[in-house]
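2 protein chains.
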Amino acid sequence: MRKAAADPAIEARRNGAIPDEVDPALQALVEEIIGKVADKWTMLVLETLEEHGTQRFTQLARQVTGISQKMLTQTLRQMERDGLVRRTVHPVIPPHVDYALTPLGAGLSAAFCGVWIWAETHREDIRQAREAFDATQAGAATRASR
Amino acid sequence: MRKAAADPAIEARRNGAIPDEVDPALQALVEEIIGKVADKWTMLVLETLEEHGTQRFTQLARQVTGISQKMLTQTLRQMERDGLVRRTVHPVIPPHVDYALTPLGAGLSAAFCGVWIWAETHREDIRQAREAFDATQAGAATRASR
DNA sequence: ATTTGTACTTACCGAAAGGAGAGTGTCATG
DNA sequence: CATGACACTCTCCTTTCGGTAAGTACAAAT
């Protein structure tokens, strides 16, 4: 997810793929953003900040279930770099740092809302699809193994 | 991304996190869907099928720039299992298999549209945010190293 | 008899993700 | 004098990701 395989533009030409209407460079950029920006932890932090507003490090660690300190730090750094959150340090002791969504972050959160809703709406469909698939695959596996 | 760390419900209780209004089991499910369903290759295959309609294996391999056979197979299997694509085998020789979006797949594609648009709209904002961040971080790194 | 094309599967391997846990600096509290 | 709180950082280690390359089945074409 982190590296665009070789050069997409060259690859595209080699395979005879038609660039059609999309600039491969722009597409690569967008893909990179989607790949980097929209990973699991980013989305969960985004959600938490959207729901509960400005929060500090340990609060986030508690809210975002299952995240490790390392991942939280890393995710927050990335989000800060991408302009999704604003990090404020209050130079007191013990240290006090809090994180707030920027308008950009709020926008992404809103954009992702659609996917979130889709996931909630269709999780039953997906569960059923998986069940059906796994049922037929049980037969297929038997067939394949002989 | 594949495994829900231990038991989120237990973790949540141990940390004193408030379940608030969201059922942790449901949230875990949704998170799993988002994590599994919304990875890079899935989104690109989704895009291609949405744009160019039903396609066969080698066509997809050509369109989705940079994907390997292995990843394409894996992604398609996953998508089939989740009910996002329908795989049709025409029992002729040489084999002919084609893939079409299901309504569910089309729905996800539509839901992701918002994120795609957000990414396109704000890629410049992100670029600038990164530039600004990297500039301040250059100083921060110097400060930290002493 | 060999090559070609399709749609894969399998084995191997390096790279990257990510968890666990210990360490850091400072000051207030017991 | 030791402990704890905060917000990390660092190292070690395991798991997962994903690319390369080879193999498979079958028939038609050369």
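From first to last, the protein sequence lines are chains A and C. Numbering-wise, the first sequence is residues 1 to 146 according to my numbering. Numbering-wise, the second sequence is residues 1001 to 1146 according to my numbering. Every residue gets a Cβ at the ideal spot worked out from N, C-alpha and C, and that includes glycine. This one's a predicted model, so the numbers in the text were calculated from it and none came from an experiment.
In this structure, what does DSSP give as the bridge partners for C/Gln1055? C/Tyr1099
Does any C-beta atom of chain A lie closer than 9 angstroms to the C-beta of C/Gly1053? no
Kindly indicate if chain C contains any beta-carbon less than 9 angstroms away from that of A/Leu104. So, interface residue.
Using 9 angstroms as the limit for Cβ to Cβ distance, is A/Phe57 near chain C? Taking 9 angstroms as the CB threshold, A/Phe57 stays off the interface with chain C.
Taking all protein chains shown into account, do 16 or more other C-beta atoms lie within 10 angstroms of the C-beta of A/Ala135, making it buried, or fewer, making it exposed? exposed
Does A/Thr65 come out as helix, strand or coil in the three-state DSSP assignment? coil
Inter-residue spacing [alpha-carbon to alpha-carbon] between C/Glu1124 and C/Arg1087: Rounded to whole angstroms, C/Glu1124 and C/Arg1087 show a C-alpha spacing of 39 angstroms.
Who are the Cβ neighbours of A/Ser109 in its own chain at under 6 angstroms, not counting the five residues just before and after it? Leu46, Glu50
Span separating the alpha-carbon of A/Glu32 from that of A/Phe133: 32 angstroms
Checking the sheet assignment: what are the DSSP bridge partners for A/His90? A/His90 is bridged to A/His96.
The stretch 1066-1083 of chain C: which residues have C-beta closer than 7 angstroms to a C-beta of chain A, in chain order? Gly1066, Glu1080, Arg1081, Asp1082, Gly1083
Consider the Cβ of A/Ile117: report whether some Cβ of chain C lies at a distance smaller than 9 angstroms. yes
By how many angstroms is the C-alpha of C/Gln1027 removed from the C-alpha of C/His1090? 40 angstroms
Does chain C have any CB closer than 9 angstroms to the CB of A/Asp98? no
Give the residues of chain A in contact with C/Glu1120, contact being defined as C-beta atoms less than 7 angstroms apart. Result: Val30.
Excluding the five sequence neighbours on either side, which residues of its own chain have a C-beta within less than 6 angstroms of the C-beta of C/Thr1054, listed in chain order? Asp1098, Ala1100
Which residues in chain C sit within 9 angstroms of A/Leu101, going by Cβ to Cβ distance? Near A/Leu101 there are no residues of chain C at all, since even the closest Cβ is about 13 angstroms away, more than 9 angstroms.
A/Gly135: contacting residues in chain C (beta-carbon distance under 7 angstroms): With the sequence shown as reference, residue 135 of chain A is identified as Ala, and Gly is not the correct amino acid for it. Under the 7 angstroms cutoff, chain C gives no residues; its nearest Cβ is about 11 angstroms from A/Ala135.
For C/His1096 and C/Ser1068, the rounded distance between their alpha carbons: 19 angstroms
Give me the Cα-Cα distance between A/Glu21 and A/Gln59, rounded to the nearest whole angstrom. Note that A/Glu21 has pLDDT 47, beneath the 50 cutoff, so the model's placement of it is unreliable and the number below is only indicative. In a straight line, the C-alpha of A/Glu21 is about 46 angstroms away from that of A/Gln59.
9 angstroms Cβ cutoff, C/Val1037 in contact with chain A: yes
Check: A/Gly114 C-beta below 8 angstroms from any heavy atom of the ligand NAP: As far as ligands go, the structure on display features none, and thus does not contain the ligand NAP.
Using a threshold of 9 angstroms, state whether the C-beta atoms of A/His122 and C/Gly1114 are closer than that. no
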